[in-house]
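Residue numbers (our numbering), protein chains in the order written: chain A, 255 to 632; chain B, 525 to 680; chain C, 42 to 319.
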């Protein structure tokens with residue numbers, strides 16, 4: 255994606271024409287999913303209409319705090335990311351890997367072949383584009399390719415959204431992952447709300463994006479409109495609730511692998527695994543082998559797993575990471591250091607979910623700072 | 525059997541490696557060659573520990589006896605090993621049984637005389653003590669590993 | 042390497058023969074259920090073995106890499122899945138995915154001495170090395186096998202150990218942690234044998250497999266013998282679900298045991314090997 259010949263041409267799409275765009279995607283056979291309000295949170299689910307979007311909602315986020323609040327306008331994307339991420343579609347929480355055809359002795363196993371929908375993702379944030387690219391590296395770019403992920407990833411349509419609102423736990427600006435989409439989208443919107451006008455400045459990322467856009471009323475963006483959109487993104491970059499100091503972060507964490515600071519965090523950490531569930535890059539899974547009651551037919555299911563469970567590192571005799579200290583250290587060191595050695599990229603995109611959804615408000619940016627401080631102090 | 529050849533034999537044994545010549549001469553004076561047949565008892569628990577042995581060839585089992593299990597081998601000591609250090613530490617009594625597993629040639633050293641020499645010449649005493657300490661350390665490490673019982677279902 | 046078709050879906054292999062090694066350890070010989078090709082692998086690689094309806098475990102291949110017609114696994118019955126595998130009889134079917142992972146550097150070690158240090162069931166992943174070395178004997182200098190087990194009853198491959206002892210050009214040293222007085226072999230932990238092995242420290246590859254604690258103690262003895270970390274190879278174990286780098290369970294610092302290991306050169310993992318709860 256991201257052909258440079260298309261980059262320079264910005265268009266304008268009026269708010270009232272966004273529905274047409276969703277309709278076209280639906281007509282083309284996409285399963286259109288995007289943000290919607292449920293259980294007092296913005297989650298990602300099927301969208302039938304623009305009105306399913308969290309119209310006029312925003313959020314308040316801080317360590318361990320997430321609250322939806324009314325805005326005094328009709329913004330469609332006036333909030334930061336919620337607990338869901340797109341991995342729930344591309345790398346679903348529960349997937350059947352295979353089932354047996356014949357059963358019993360002499361079993362024949364067949365790979366799961368249930369149809370996978372073609373997804374159109376609406377309102378993908380720049381940090382989430384990075385998260386998808388990171389999961390691509392893990393699940394598609396090695397010696398083996400994850401067939402389940404690949405099937406979902408192929409034919410994905412991405413309508414990205416440049417952020418006009420930074421959440422209280424956002425730190426994409428310091429991770430160089432936002433707030434503006436730079437790759438990995440077919441179309442990218444910047445939402446503009448003016449006193450008497452509500453429109454989107456649209457950047458075209460792919461030929462497919464251009465083709466879809468041609469089917470809805472739009473016009474070329476004026477200099478003023480372009481400048482307005484740029485101004486919105488720049489303002490968002492300045493409103494980040496958090497900041498991650500990434501200089502030499504890999505070596506910092508390797509150097510401090512046995513720092514006493516890990517025990518301080520462990521005193522707070524409940525090892526609940528929330529951070530891993532909401533993280534858009536966490537990819538770990540476990541498998542469950544099941545049979546029918548007669549034990550004649552078997553299946554294998556794959557489920558999201560968390561490095562915070564005892565079971566995760568169990569080998570015969572006990573768990574390798576028995577202490578909460580070791581489990582927190584594994585998660586954070588993986589995310590910010592070993593990931594770089596494994597996949598050539600950080601495992602953190604600065605979305606802030608792990609901070610917001612931590613029941614005891616452990617803040618990954620603060621933990622990095624604390625380790626830096628402990629090093630200076632020693 | 526001349527002390528000169530015994531001196532050479534001692535010098536070749538790893539326990540006495542690089543020991544200064546005058547010390548080797550001293551050692552040779554209180555050394556003698558001994559042969560144990562397979563199954564022969566070398567010493568028994570709680571006996572006075574006057575001698576210690578450097579093994580040249582063969583194998584010795586260090587054993588203890590448990591009423592419900594019979595004799596149990598704690599460790600076997602093979603070629604170039606050292607058997608016994610109770611001669612160095614009060615009350616100078618054997619803690620274990622020792623038995624030749626196969627035909628075994630050793631050099632027996634008179635620990636009582638060596639103790640006196642060590643008291644007289646602390647440089648010699650220190651040198652000998654370092655060597656015994658090294659053996660004790662090796663045995664302690666091995667015993668600790670043995671205690672961990674690492675094969676108890678740790679690896680599948 | 043001609044493995045099985047799908048890395049995620051186990052292929053059925055039929056049990057041809059089961060050999061009882063010890064009271065809790067069995068060696069299974071498997072052949073493709075559908076009469077398909079043999080099963081090529083490199084010494085040190087592992088398969089995921091699936092007991093129907095029970096679950097899957099990573100198990101090293103313990104057979105002869107030069108005889109790929111039969112797939113051989115030695116399994117110790119310690120959990121639900123291995124128990125189910127150990128109960129299989131001739132004619133039963135076992136699911137297999139693989140082979141996965143890195144291998145012992147048998148070719149790179151040519152021209153020098155090779156020392157194999159095995160503890161407990163750790164001999165199983167090293168047996169393919171012994172087969173390989175013996176069938177290419179002329180390529181190597183001195184060869185030694187140092188093998189420790191808990192008791193006499195825990196020793197694997199007894200008939201083969203006897204045979205290997207008969208080779209004048211393979212030094213075989215076996216020890217058990219404890220034994221009754223009637224035992225005439227060595228008693229003591231496996232590390233006590235290392236000082237007795239003859240090799241040239243500058244021209245030797247050492248291959249180690251056993252419980253992690255045993256490997257740590259072994260490394261110290263090897264260090265004392267002047268072997269550099271670049272000449273020591275070891276097979277690691279961690280929880281494993283997928284064997285292809287997707288499930289995340291087998292991470293050991295920056296490495297994945299399933300795809301970067303299980304066989305590592307010691308200096309590749311040295312920084313993390315000394316640390317706890319990695």
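Cβ atoms here follow ideal geometry from the backbone N, Cα and C, with glycine treated the same way.
Contact annotation: in the region 611-625 of chain A, no residue has its CB less than 8 Å from a CB in chain C.
The beta carbons of residue 585(B) and residue 623(B) sit about 5 Å from each other, so the pair counts as a contact at 8 Å. Burial state of residue 345(A) is buried, judged by a 10 Å Cβ sphere holding 16 or more other Cβ atoms. Under a criterion of Cβ atoms nearer than 9 Å, no residue of chain A is adjacent to residue 179(C); the nearest Cβ is some 34 Å distant. Per DSSP, the beta bridge partners of residue 247(C) are 156(C) and 273(C). Residues of chain A with a Cβ closer than 9 Å to the Cβ of residue 316(C) are, in chain order, 511 and 512. For residue 352(A), the enclosing beta strand (DSSP E) has its first and last residue at 348-354. For the C-beta of residue 53(C), the chain A residues within less than 8 Å are, from N- to C-terminus, 360, 361, 362 and 363.
With its beta carbon at least 8 Å from every one in chain A, residue 130(C) lies outside the interface. 8 Å or more divides the Cβ of residue 140(C) from the Cβ of residue 209(C). Annotation: the continuous alpha helix (DSSP H) that includes residue 390(A) extends over 380-393.
Approximately 5 Å separates the beta-carbon atoms of residue 602(A) and residue 589(A); this is inside 8 Å, confirming the contact. Here the C-alpha atom of residue 607(A) lies approximately 19 Å from the C-alpha atom of residue 492(A). Considered as a whole, the region 309-349 of chain A harbours 341-344 as its complete alpha helix (DSSP H) runs of no fewer than 4 residues, in chain order. One Cα belongs to residue 365(A), the other to residue 353(A), and the distance between them is close to 7 Å. Within a 10 Å sphere around the beta-carbon of residue 640(B) sit fewer than 16 other beta-carbons, which makes this residue exposed. For the pair residue 381(A) and residue 103(C), the Cα-to-Cα distance works out to about 47 Å. Note: residue 374(A) is bridge-paired with 286(A) and 411(A) in the DSSP secondary-structure output. Under the Cβ criterion (8 Å, minimum of three pairs), the region 446-463 of chain A does not count as touching the region 388-404 of chain A. Spanning the alpha carbons of residue 230(C) and residue 532(A) requires a straight line of approximately 48 Å.
Annotation for residue 175(C): no residue places its beta carbon closer than 6 Å to its own, counting only its chain and skipping 5 residues before and after. Taken through DSSP and simplified to helix, strand or coil, residue 307(C) comes out as helix.
Within the region 538-549 of chain A, the residues whose Cβ lies closer than 7 Å to any Cβ of chain C are, in chain order, 538, 539, 540, 541, 543, 545 and 549.
Rounded to the nearest angstrom, the Cβ distance from residue 494(A) to residue 420(A) is 5 Å, consistent with a contact under 8 Å. Interface with chain C (8 Å Cβ-Cβ cutoff): residue 625(B) is included.
The bridge partners DSSP lists for residue 89(C) are 99(C) and 138(C). No residue range can be given for residue 495(A), since it is assigned to no beta strand (DSSP E) and is classified by DSSP as neither H nor E. About 5 Å separates the CB atoms of residue 275(A) and residue 470(A); that is less than 8 Å, so the two are in contact.
DSSP lists 69(C) and 102(C) as the beta-bridge partner residues of residue 114(C). The continuous beta strand (DSSP E) containing residue 61(C) extends over residues 52-61.
For residue 665(B), the enclosing alpha helix (DSSP H) covers residues 646-672. Using a Cβ-Cβ cut-off of 8 Å, residue 270(C) does not count as an interface residue toward chain B, since no Cβ of chain B sits closer than that to its own. Linking residue 62(C) to residue 124(C) through their CA atoms gives a straight-line distance of about 14 Å. Out of 309(C), 292(C), 295(C) and 232(C), the CA that lies nearest to the CA of residue 264(C) is found in 232(C).
Listed along chain A, the residues sitting closer than 7 Å to residue 278(C) by beta-carbon distance are 569. Distance from the CA of residue 119(C) to the CA of residue 56(C), rounded to the nearest whole angstrom, comes to 20 Å.
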